[in-house]
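Novice:
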Amino acid sequence: MTSSKPRKSSSSFKAVKSFNFPGGLESYNAAVKLEPSGLVNTWSHDFRVAYTLIQAVQVATSLSYSLIYLAKQRRSIETQRKLEHRIACWSGLIAPYMSEPKSGIDEMYSDMSGERFIGHGTFHNPDPLFEFDDAKDAVYDLAIIVEDGVVIMKFGWVAWMLDPSEAEWLADQLWTAAFLAAKHPAHC
330 MTSSKPRKSS
340 SSFKAVKSFN
350 FPGGLESYNA
360 AVKLEPSGLV
370 NTWSHDFRVA
380 YTLIQAVQVA
390 TSLSYSLIYL
400 AKQRRSIETQ
410 RKLEHRIACW
420 SGLIAPYMSE
430 PKSGIDEMYS
440 DMSGERFIGH
450 GTFHNPDPLF
460 EFDDAKDAVY
470 DLAIIVEDGV
480 VIMKFGWVAW
490 MLDPSEAEWL
500 ADQLWTAAFL
510 AAKHPAHC
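The sequence shown begins at 330 in this note's numbering and counts up by one.
Structural data, given as structure tokens:
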């Protein structure tokens, strides 16, 4: 087991892609970057969220499960199997380097039963924009919901709508950054 604290990474990684706002009239850049600290930063337009290794893996997994849910709705068995295989491969590569999340925080739960998919959890913010008197207060709720064929990521009151290809791209970049953070920590 390893510590859940960010480690200095000797790998670098950054991916940027243009996403569309709903309706497709305007676009914005989405980015995923592995920081030297080992944190994984994501940006949607100018909205930044930082993840630890464990958090990035959980978000990538939940995004992938949301896409599996969509594939089931569309009866696309080939896509469903491809996504299930991807989760298994990435999980197998990263799992040896991960510690257990703290109970009640830094855990995501997915529910694919019924008519909706929802992934939800509460994460400790590893790199808050504002200083808190007590670091335990630096938390945010995250939900990943499938609705009307799109994946919605909600960070408290901020929500981003992703089409399936955007959600898949984001999951792939999170998997890649998490793998590099896990596999190549810097030796300080």
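We treat Cβ as the ideally placed atom computed from N, Cα and C, and that holds for glycine.
Quantities reported herein were computed from a predicted structural model and do not represent experimental measurements.
State the DSSP-derived secondary structure class of T408, mapped to helix, strand or coil.
Specialist: Note: T408 maps to helix in three-state DSSP.
Novice: Using the Cβ count rule (16 or more neighbours within 10 Å means buried), how would you classify W489?
Specialist: With 16 or more other Cβ atoms within 10 Å, it is buried.
Novice: Which two residues bound the contiguous alpha helix (DSSP H) that contains E497?
Specialist: Note, E497: alpha helix (DSSP H), P493 to K512.
Novice: Which two residues bound the contiguous beta strand (DSSP E) that contains L471?
Specialist: Segment V468 to E476, the beta strand (DSSP E) holding L471.
Novice: F446 to T505, Cα distance in whole Å?
Specialist: Between F446 and T505, the C-alpha separation is close to 24 Å.
Novice: Given E364, which residues of its chain have a CB within under 7 Å of its CB, disregarding the five upstream and five downstream residues?
Specialist: Correct list, in chain order: N370.
Novice: Would you call the stretch 394-405 and the stretch 350-368 touching, i.e. three or more CB-CB distances under 8 Å?
Specialist: As far as the Cβ criterion goes, the stretch 394-405 does not touch the stretch 350-368, which means the pair count is below three.
Novice: Return the chain-ordered list of same chain residues with a C-beta closer than 6 Å to the C-beta of M437, the five sequence neighbours on each side being excluded.
Specialist: Once the five neighbours on either side are set aside, the close Cβ partners of M437 are Q387, S391, G448 and G450.
Novice: In chain order, what residues of the same chain have a beta carbon less than 6 Å from the beta carbon of G485, not counting five sequence neighbours either side?
Specialist: Within the same chain, G485 has close Cβ partners Y469 and D470.
Novice: Rounded C-beta distance between A496 and L382? I'm assuming under 8 Å.
Specialist: The pair is not a contact, with the Cβ atoms about 20 Å apart (cut-off 8 Å).
Novice: Quick one: grab the DSSP three-state call for H453.
Specialist: Three-state DSSP puts H453 in a strand.
Novice: Is the CB-CB distance between L503 and F348 below 8 Å?
Specialist: Contact: no.
Novice: Using DSSP bridges, identify the partner residues of I481.
Specialist: Note: I481 sits in a beta bridge opposite I474 and M490.
Novice: Measure the C-alpha to C-alpha separation of V480 and A472 and round it to an integer number of angstroms.
Specialist: Spanning the two alpha carbons is a distance of roughly 10 Å.
Novice: I'd like to confirm something about K411: is its beta-carbon nearer than 7 Å to some heavy atom of the ligand FAD, or not?
Specialist: The ligand FAD is absent from the structure shown, which contains no ligands of any kind.
Novice: For E436, name the three-state secondary structure that DSSP assigns.
Specialist: In the structure shown, E436 sits in a strand (DSSP, three-state: E or B).
Novice: Name the one or two DSSP bridge partners that R377 has.
Specialist: W372, per the DSSP bridge assignment.
Novice: Just to confirm, are A507 and I434 a CB contact at a threshold of 8 Å?
Specialist: For A507 and I434, no; Cβs fall outside 8 Å.
Novice: What's the C-alpha gap between M441 and S373?
Specialist: Spanning the two alpha carbons is a distance of roughly 26 Å.
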